[in-house]
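Residue numbering for the sequence shown follows this note's numbering, beginning at 5 and increasing consecutively.
Where a beta carbon is used, it is the ideal one built from N, C-alpha and C, also for glycine.
Notes for the one structure printed next.
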Amino acid sequence: MTTTQKALVLNEKFGQFNIQEIEVYRPGPREILIKYDFEIDAYPAILGCDIAGDVEAIGEGVSDFKLGDRVFSSSVILKDRGAFQQYVLVSTLPVALSTGYSGLYAKLPHGLEIDLPDSRASLGKYTGTPILILGGASSLAKYSGFSYIITTASLKHADSLKEFGATHVLDRNLTSAELNKEIIKITDKPIELIYDTISIDSTQSVAFDVLALGGKVTFVLPPVIESTDWHIAHIHAGLRQPHNIPLLHDLYHDKAYELLVKGVIKPNRFEVLPNGLAGIVDGLARLEADQVSRLKLVVHPQETP
């Protein structure tokens, strides 16, 4: 195996990205080394979170992976784990689905504490129940059996979002009053569950305007309002968060493969950027300019010039 690799490195805060030759890391206990061939979404830092590729090396104590296994994972922004390089160390328990899964199923104040879909308690529990998802995500809500999965998004994506499980797609630009009127046309039941996948000030304001008193709302960013009128959750999706350890271990060790095979969770559309790691900077510029919509920009790090 090669001992060096190329990485997109940020040497200082607010500095410029540049491609450098760095060492290939050796996996420690309960770790595996992944060689990228597909990149899905302290200084010097190597950034990047979502990854997929092949198991290249295995650390001591790993028994459920073998060399050559095709895997996906989510990294943290540390030099040996950031995704913008050709080889990366990961824990044997990835966290790529953590935000969606934890946001729905973790207990308050970390999630909506919805019953897990494969539990006896959840059987038929959410039939006839609406859930509002600000930002378009809906696959896991469908998995949980909600009858009304109402999402807000750009209407040009309505058909594809319905393929992912949404029952109704409403314009993301509606005011709170307009959104309430549209929801009443869909269901006469109050909205008691909201997942805000965006969580900027404006979407949080909409969430609180729509949410029934005593309802639950979860945000991916810190809540801007503190109130005892609702149950407010803030998602901390890291695997090593104590509240996530049993929940996400169960997901990634026992369920993720089956959910992928059955099509319960599906990948987004994607565009492969040219020139491997060298294409990332232009991709970031497109994201900053709001030129990417419901599309994942990916790179093949092994194609770096």
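Counting along the chain, where does the beta strand (DSSP E) carrying residue i start and finish?
i: residue 177; result: No beta strand (DSSP E) contains residue 177, which DSSP labels as neither H nor E.
i: residue 10; result: 8-14
i: residue 296; result: It is not in any beta strand (DSSP E) - residue 296 carries neither H nor E in the DSSP assignment.
Pull up the distance between the alpha-carbon of residue i and that of residue j, whole angstroms please.
i: residue 109; j: residue 138; result: 17 Å
i: residue 163; j: residue 272; result: 14 Å
i: residue 143; j: residue 169; result: 5 Å
i: residue 334; j: residue 112; result: Outside the displayed span of the chain (5 to 309) sits residue 334, for which this structure offers no information.
i: residue 300; j: residue 269; result: 15 Å
i: residue 193; j: residue 295; result: 37 Å
i: residue 88; j: residue 297; result: Interpretation of residue 88 is limited by its pLDDT of 48, a score under 50 that renders its predicted location unreliable; the figure taken from the coordinates is listed afterwards. Distance between the alpha carbons of residue 88 and residue 297 is about 22 Å.
i: residue 6; j: residue 234; result: 55 Å
i: residue 60; j: residue 183; result: 50 Å
i: residue 8; j: residue 24; result: 10 Å
i: residue 45; j: residue 225; result: Confidence at residue 45 is low in this model, with a pLDDT of 44, below 50, so the placement of that residue is unreliable and no value is reported for it.
i: residue 155; j: residue 128; result: 21 Å
i: residue 242; j: residue 252; result: 9 Å
i: residue 18; j: residue 216; result: 42 Å
i: residue 65; j: residue 274; result: 35 Å
i: residue 67; j: residue 27; result: 26 Å
i: residue 232; j: residue 73; result: 48 Å
Return the residue from the list the options that minimises the CA-CA distance to residue i.
i: residue 239; options: 20, 101, 16, 15; result: 101
i: residue 223; options: 16, 197, 307; result: 197
i: residue 175; options: 160, 261, 122, 200; result: 160
i: residue 140; options: 20, 203, 232; result: 203
i: residue 133; options: 59, 8, 292, 191; result: 191
i: residue 124; options: 136, 135, 107, 149; result: 149
i: residue 245; options: 121, 261, 103, 151; result: 103
i: residue 178; options: 147, 165, 158, 267; result: 158
i: residue 289; options: 17, 27, 21, 16; result: 21
i: residue 122; options: 75, 146, 107, 135; result: 146
Closer than 7 Å by C-beta to residue i: which residues in its own chain qualify, once you throw out the five before and the five after it? Chain order, please.
i: residue 62; result: 31, 36, 69, 71
i: residue 247; result: 110, 111, 114
i: residue 165; result: 140, 142, 155, 157, 173
Closer than 8 Å by C-beta to residue i: which residues in its own chain qualify, once you throw out the five before and the five after it? Chain order, please.
i: residue 180; result: 209, 210, 213, 214
i: residue 291; result: 301
i: residue 277; result: 283, 284, 286, 287, 301, 302, 303
i: residue 230; result: 236
Within its chain, find whatever has a CB closer than 6 Å to the CB of residue i; leave out the 5 residues flanking it on each side and keep chain order.
i: residue 205; result: 228
For my contact list, residue i and residue j are in at a C-beta cut-off of 8 Å; report their separation, rounded to the angstrom.
i: residue 105; j: residue 255; result: 5 Å
i: residue 131; j: residue 153; result: Contact flag wrong, Cβ pair sits at about 12 Å.
i: residue 284; j: residue 12; result: 6 Å
i: residue 309; j: residue 282; result: 6 Å
Is residue i near the ligand PLP - that is, is its Cβ less than 8 Å away from at least one heavy atom of it?
i: residue 279; result: Summarising the ligand content, the structure contains no ligands, and the ligand PLP is consequently not present.
Specify, as a first and last residue, the run of the alpha helix (DSSP H) that residue i falls within.
i: residue 207; result: 205-214
i: residue 1; result: As displayed, the chain neither begins before 5 nor continues past 309, which places residue 1 out of reach and without an answer.
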